[in-house]
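Novice: Read top to bottom, the protein sequences are chains A and B.
Taking my numbering as reference, the numbering of the first sequence is continuous, increasing by one, and the terminal residue is 170.
Taking my numbering as reference, the numbering of the second sequence is continuous, increasing by one, and the terminal residue is 252.
Here a beta-carbon is modelled for each residue, glycine too, at the ideal position from N, C-alpha and C.
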Amino acid sequence: MKRKTLKMLLVGLTVTVVLLVGLSCVHLYDIAKKSHENPNNKIQLSRIDFKEPIDSSDAMKIKNYVATLDGIQGTYFNVNHGTLVYGYILGSQTPENVFEKAMTFSHNKYKALRYVVSADQLKKGCPAGMDHSLIIQFSNFLYKSFN
Amino acid sequence: MKKHFIILAAGLIGMTVITTSCKKKKDETTTPTPTPNLYTRVGGSTMVSDPANSGTTIQKGRLTLRSVTDSSIYVIAADTQMAKYFPTLLGEVGAGNTTGFSALSKNFTDFLCVATGSTDYSYTGKSMTDAHNHATNSRMGDGTHVNSMKVNSTDFDKFVGDIGTGLAKNGVTSSNNASLVNDLVALLNTTKSSIVQR
Numbered sequence: 024m025k026r027k028t029l030k031m032l033l034v035g036l037t038v039t040v041v042l043l044v045g046l047s048c049v050h051l052y053d054i055a056k057k058s059h060e061n062p063n064n065k066i067q068l069s070r071i072d073f074k075e076p077i078d079s080s081d082a083m084k085i086k087n088y089v090a091t092l093d094g095i096q097g098t099y100f101n102v103n104h105g106t107l108v109y110g111y112i113l114g115s116q117t118p119e120n121v122f123e124k125a126m127t128f129s130h131n132k133y134k135a136l137r138y139v140v141s142a143d144q145l146k147k148g149c150p151a152g153m154d155h156s157l158i159i160q161f162s163n164f165l166y167k168s169f170n
Numbered sequence: 055m056k057k058h059f060i061i062l063a064a065g066l067i068g069m070t071v072i073t074t075s076c077k078k079k080k081d082e083t084t085t086p087t088p089t090p091n092l093y094t095r096v097g098g099s100t101m102v103s104d105p106a107n108s109g110t111t112i113q114k115g116r117l118t119l120r121s122v123t124d125s126s127i128y129v130i131a132a133d134t135q136m137a138k139y140f141p142t143l144l145g146e147v148g149a150g151n152t153t154g155f156s157a158l159s160k161n162f163t164d165f166l167c168v169a170t171g172s173t174d175y176s177y178t179g180k181s182m183t184d185a186h187n188h189a190t191n192s193r194m195g196d197g198t199h200v201n202s203m204k205v206n207s208t209d210f211d212k213f214v215g216d217i218g219t220g221l222a223k224n225g226v227t228s229s230n231n232a233s234l235v236n237d238l239v240a241l242l243n244t245t246k247s248s249i250v251q252r
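#1: What is the DSSP secondary structure of T244 of chain B, reduced to helix, strand or coil?
#2: Would you mind stating whether N91 of chain B and G171 of chain B have Cβ atoms separated by less than 8 Å?
#3: Does DSSP put V26 of chain A in a helix, a strand or coil?
#4: When every heavy atom of the ligand ADP is checked, does at least one fall within less than 7 Å of the C-beta of I95 of chain A?
#5: Let's see if you can read the secondary structure: which residues bound the beta strand (DSSP E) around T111 of chain B?
#6: I need the DSSP call for Y138 of chain A, collapsed to helix, strand or coil.
#7: Below 8 Å CB to CB, which residues in the same chain sit around E75 of chain A once its five sequence neighbours on both sides are set aside?
#8: Do we get a CB-CB distance below 8 Å when we pair L136 of chain A with the residues of chain B?
#9: Should S207 of chain B go down as buried or exposed, given a rule of 16 or more other Cβ atoms within 10 Å for buried?
#10: Quick one: using the 10 Å Cβ neighbour count with 16 as the cut-off for buried, is N131 of chain A buried or exposed?
#11: Since L144 of chain B meets chain A, which of its residues come closer than 7 Å, beta carbon to beta carbon?
#12: Cβ of F161 of chain A less than 8 Å from any chain B Cβ?
#13: Note down, in chain order, every chain D residue with its Cβ under 8 Å from the Cβ of M182 of chain B.
#14: Flag M101 of chain B as yes if its beta-carbon sits less than 8 Å from any beta-carbon of chain A, otherwise no.
#15: So with Cβ pairs under 8 Å, would you call R252 of chain B a contact of chain A?
#16: Is it the case that the segment 111-128 of chain B contacts the segment 35-52 of chain A, given that we only count it when at least three CB pairs across the two stretches are under 8 Å?
#17: With a threshold of 6 Å on Cβ separation, who are the neighbours of F73 of chain A within its own chain once the five nearest residues in sequence on each side are excluded?
#18: Does the beta-carbon distance from K204 of chain B to Q135 of chain B come in below 8 Å?
#19: Rounded to a whole number of angstroms, what is the C-alpha to C-alpha distance between S108 of chain B and Y109 of chain A?
#20: Excluding sequence positions up to five away, which residues of its chain have a Cβ less than 7 Å from the Cβ of M194 of chain B?
#21: Is there a Cβ from chain B that is less than 8 Å from the Cβ of P76 of chain A?
#22: Would V89 of chain A count as contacting chain B if we go by Cβ distances under 8 Å?
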């Protein structure tokens, strides 16, 4: 009788644990799904820094040209700071390609550099997008497994 | 007896007249219409198609705030004065990872939805004080320069200015909607004392 009770308790406990783990996986999958459905999820920003004053008319021409490139989702040119920010869909464009095309388009009229964030810089400031916790990695793994 | 009855009747009639008049005056006093909150003013909970996610709908208020947020993020990323605070915006991530743009867009949109009065969303990030204090967020400074990342008033005002530019990119300016611009700026300024720690 005692053995039977223990066995039933063990089975019940196992079923409960399996159900809880299963529910957790469903919940984590749902979190990852919502994240991947975020329309901005695949958009990466990049920046070109012009190292000399740029004519505002030329700035708009370069900005408008970059906006026509494949995968570009948005552009903004701060003429005072000499910075062109553009958003592109990850996998459909590269910042190296955009920079090269922008310089060719402008006939290399202005000295410019691709702005690259250093590893040290990434350790400070706003942490948005830096959540690589195990839970987030696991939920992304679940999402990719079923998609 | 008759005299007492007349006095009592007069008293009752008088009281009836008085209470009826008071009630009438109370009825005539109009209850002021509550001013709609900022979230309602930017679209509220009316569902509309999400232009960025075909086949789905989104609350109009959230769509407005997301559009302003996303436009503002481009402005902030192009602002060299803001670079040290937002390196993750331009830090390149590998495929499958959340971009800094995506994360900040969601977090800040959630924050604005809650701050403007929506009850359908929640902001789960750190408080503004904790997020900008090295003691509770080690990213705001380093071991030898704990104050190096603390926000000062000039940088905060620049940030608010960048949001204003983001608003203008969505067609909202002081010229065509001064009250909305002023109210949004006032809302952002309520966070100033928490964020400015230098």
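Specialist: So, from the data block:
#1: What you label residue 244 of chain B is simply residue 190 of the second sequence in a count that begins at 1. Secondary structure of T244 of chain B (DSSP, three-state): coil.
#2: The residue you call residue 91 of chain B lines up with position 37 of the second sequence. The residue you call residue 171 of chain B lines up with position 117 of the second sequence. Note that the C-beta distance between N91 of chain B and G171 of chain B is below 8 Å.
#3: Here residue 26 of chain A refers to the residue found at position 3 when the first sequence is read from its first residue. The question names Val, but residue 26 of chain A in the sequence shown is Arg. Helix, per DSSP.
#4: You won't find the ligand ADP in this model; it holds no ligand whatsoever.
#5: For the purposes of this step, residue 111 of chain B is taken as the residue at position 57 of the second sequence. 111-113 is the extent of the beta strand (DSSP E) around T111 of chain B.
#6: As a working mapping, residue 138 of chain A is identified with position 115 in the first sequence. Under the three-state reduction of DSSP, Y138 of chain A is assigned to strand.
#7: Numbered from 1 along the first sequence, position 52 holds the residue referred to as residue 75 of chain A. Within its own chain, the residues whose Cβ lies closer than 8 Å to the Cβ of E75 of chain A, once the five positions on either side in sequence are excluded, are G105, Y133, K134, listed in chain order.
#8: Counting from 1 along the first sequence, the entry for residue 136 of chain A is found at position 113. Cβ-Cβ to chain B under 8 Å: no for L136 of chain A.
#9: The residue you call residue 207 of chain B lines up with position 153 of the second sequence. Under this definition S207 of chain B is an exposed residue.
#10: Indexing the first sequence from 1 puts residue 131 of chain A at position 108. When all chains shown are included, N131 of chain A counts as exposed.
#11: The residue given as residue 144 of chain B occupies position 90 in the second sequence. Near L144 of chain B (Cβ distances below 7 Å), the residues of chain A are L68, S69, R70, Y138, V140.
#12: To locate residue 161 of chain A, count along the first sequence from 1; it is residue 138. With 8 Å as the cut-off, F161 of chain A does not count as an interface residue toward chain B.
#13: Protein chains in the displayed structure are A and B, and chain D is not among them.
#14: Taking the second sequence and counting its residues from 1, one reaches residue 101 of chain B at position 47. Answer no: the Cβ-Cβ gap between M101 of chain B and chain A never drops below 8 Å.
#15: As a working mapping, residue 252 of chain B is identified with position 198 in the second sequence. By this cut-off, R252 of chain B is not an interface position.
#16: No: the two stretches stay apart, fewer than three of their Cβ pairs being nearer than 8 Å.
#17: Here residue 73 of chain A corresponds to residue number 50 of the first sequence, with the count starting at 1. Only G105, Y133, A135 meet the Cβ criterion.
#18: Residue numbering aside, residue 204 of chain B sits at position 150 when the second sequence is read from its first letter. Residue numbering aside, residue 135 of chain B sits at position 81 when the second sequence is read from its first letter. In terms of Cβ geometry, K204 of chain B and Q135 of chain B do not form a close pair [threshold 8 Å].
#19: Residue 108 of chain B sits at position 54 when you count from the first residue of the second sequence. Residue 109 of chain A sits at position 86 when you count from the first residue of the first sequence. About 22 Å.
#20: As a position in the second sequence, residue 194 of chain B is number 140, starting the count at 1. So the qualifying residues of the chain are H186, N187, H188, M203, K204.
#21: Against the first sequence, residue 76 of chain A aligns to sequence position 53. No, P76 of chain A lies away from the interface with chain B (no Cβ there is under 8 Å from its Cβ).
#22: Numbered from its first residue, the first sequence carries residue 89 of chain A at position 66. V89 of chain A does not count as touching chain B.
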